[in-house]
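In this text, residue positions in the sequence shown follow the working numbering: the first is 313, and each later residue adds one. Just so you know, even glycine gets a beta-carbon here, dropped at the ideal spot from N, CA and C. All of these numbers come straight from a predicted model, not from anything done at the bench. The next block holds one structure in the form of structure tokens; read it before the comments.
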Amino acid sequence: MIKNKKARRRLENWYQKFLDKIDAPKKEQSLSTSFGDTHILIAGDTSKPPLLCLHAMMTSSAHLVAALEPLLENYHIIAPDIPGESVKGIPKRLSYSDDSQARWLNEILNGLALGKINLFGISLGGFIARQFASQHPQKVNNLILLVPAGIVQGSIFKGLMKMALPMIMYKIAPSEKRLRNLVQYLITNWDEDWAYYLGDAFNDFKTPSRIPPVAEKEELETLSMPCLVMAAEHDISFPGQPLINRVQTHIPHTETELIENSRHCPPTTDEFKNWLANRITTFLNNSS
């Protein structure tokens with residue numbers, strides 16, 4: 313899923329840069345699954361309760377843990393790298409047309425002997441977390457979704473109109489101005505590391521040929537565990553208010569948050585990271 317060796321080296325350097333941002337104990341391990349060997353990043357004090365977290369498309373476990381670092385005050389994070397969507401992941405994307413993603417995650421849980429878990433997913437990771445929780449509700453204590461894929465879908469035409477030309481222009485002649493034009497509909501605040509990472513990721517990963525399908529209402533109605541769903545007001549991929557409306561209609565026990573003035577990638581500020589950690593911690597404490 314990565315175009316060439318040079319692209320892989322560039323993405324590996326980015327992984328290390330985000331890993332170095334994590335100011336907490338951390339270790340990396342590999343777990344054998346029927347899909348291949350899965351890389352897993354474990355961060356924080358392992359005597360604290362575990363929180364299994366799934367990252368977004370074309371990022372990595374290190375990107376996610378760095379963004380969730382304030383949660384390490386109360387939890388330790390287990391973050392597997394999603395197949396085909398991380399430089400550390402199995403080099404093959406799994407199908408969206410069957411339950412491959414959920415089966416892969418189930419093998420992770422079994423391999424780590426985790427038992428019943430608290431599960432978090434962002435964007436594509438949210439799709440996988442939701443699919444797993446729909447199929448294995450008995451294995452999920454609480455489900456937390458941030459800008460999840462697969463619940464609503466924005467206009468693909470509008471998305472292409474806003475993203476396609478800036479992406480072409482950036483690939484032809486990269487510059488900060490063109491990068492800003494490319495990421496302005498994705499990121500909420502300008503963050504140099506995230507922006508330049510995304511510029512490289514769009515170039516270095518092969519473009520996905522499919523996107524996660526929208527869940528049937530019956531799949532959402534099987535989510536019997538407490539759920540926290542957070543959507544972004546200005547998300548062109550998964551529009552915030554329609555996402556909140558559908559969740560409130562079909563998920564039985566759910567809390568929702570509409571993150572105002574946020575695009576698909578929420579703010580990377582310390583203020584937002586602390587708010588997110590506090591919101592998740594409050595939800596988990598109240599649901600225990």
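| query | Do you know how far the Cα of Glu-324 is from the Cα of Gln-341? | reply | 16 angstroms
| query | From Lys-317 to Leu-364, what does the alpha carbon distance come to, in whole angstroms? | reply | 30 angstroms
| Closest to Lys-400 by CA distance: which of Leu-384, Arg-415, Thr-371, Thr-593 is it? | Thr-371
| Spatial distance of Ser-435 from His-351 (CA atoms) | 20 angstroms
| field | Beta-carbon proximity of Lys-404 to Pro-395, cut-off 7 angstroms | value | yes
| query | Mapping DSSP to helix, strand and coil, what is Val-541? | reply | strand
| said: Quick check: the Cα distance between Lys-329 and Arg-490, rounded to an integer number of angstroms? | reply: 23 angstroms
| request: Mind reading off the beta-carbon distance from Ala-527 to Pro-578? Whole number of angstroms is fine, and I expect it under 8 angstroms. | output: Actually they do not touch by this definition, with Cβ atoms about 22 angstroms apart.
| field | For Ala-485, the three-state DSSP class (helix, strand or coil) | value | coil
| said: Please report the straight-line C-alpha distance between Gly-348 and Met-475, rounded to a whole angstrom. | reply: 33 angstroms
| request: Would you mind sorting Asp-516 into buried or exposed? The rule is 16 or more other CB atoms within 10 Å of its CB. | output: buried
| field | Boundaries (first-last residue) of the alpha helix (DSSP H) holding Pro-362 | value | Counting along the chain, Pro-362 falls outside any alpha helix (DSSP H), though it belongs to the beta strand (DSSP E) covering 362-366.
| message | Below 8 angstroms, how does it come out for the region 470-485 and the region 454-461: are there three or more Cβ pairs, yes or no? | response | no
| said: Which same chain residues end up closer than 8 angstroms to Glu-567 when comparing Cβ atoms and leaving out the 5 residues on each side of it in sequence? | reply: Pro-538, Cys-539, Leu-540, Val-541, Phe-595
| task | Give the range of the beta strand (DSSP E) segment to which Gln-496 is assigned. | result | From DSSP, Gln-496 is part of no beta strand (DSSP E); its letter is neither H nor E.
| Uninterrupted beta strand (DSSP E) stretches inside the region 319-380 (no shorter than 3 residues) | 338-345, 348-355, 362-366
| Applying the criterion that 16 or more other CB atoms from any shown protein chain within 10 Å of the CB defines a buried residue, is Ser-398 buried or exposed? | buried
| request: Just list the alpha helix (DSSP H) runs in the region 378-438, keeping only unbroken ones of 4 residues or longer that don't cross its boundaries, in chain order. | output: 412-424
| query | So Ile-390 packs on Pro-362, CB below 8 angstroms; how close in whole Å? | reply | 6 angstroms
| On the premise that Ala-379 lies in contact with Thr-580, defined as a C-beta separation below 8 angstroms, what is that separation, rounded to the nearest angstrom? | 7 angstroms
| query | Any idea which residues DSSP pairs Leu-455 with across the strands? | reply | Leu-431, Cys-539
| request: Classify Thr-566 as helix, strand or coil using the three-state DSSP reduction. | output: strand
| From Arg-442, His-448, Tyr-509, pick the residue whose C-alpha is nearest to that of Gly-462; which is it? | Arg-442
| What number of angstroms, rounded off, separates the C-alpha of Leu-570 from the C-alpha of Asn-586? | 17 angstroms
| said: Quick test of your reading: Ile-592 and Leu-383, contact by CB under 8 angstroms. State the CB separation rounded to the nearest angstrom. | reply: 6 angstroms
| query | Under a Cβ-count criterion, where at least 16 other Cβ atoms within 10 Å of its own Cβ denotes burial, should Trp-502 be classed as buried or exposed? | reply | exposed
| message | Going by DSSP, what residue range makes up the alpha helix (DSSP H) through Lys-529? | response | 529-533
| task | With DSSP as the reference, label Phe-517 as helix, strand or coil. | result | strand
| request: Helix, strand or coil for Ile-468, going by three-state DSSP, please let me know. | output: helix
| request: Check whether the Cβ atoms of Thr-561 and Ser-446 sit closer than 7 angstroms, and answer yes or no. | output: no
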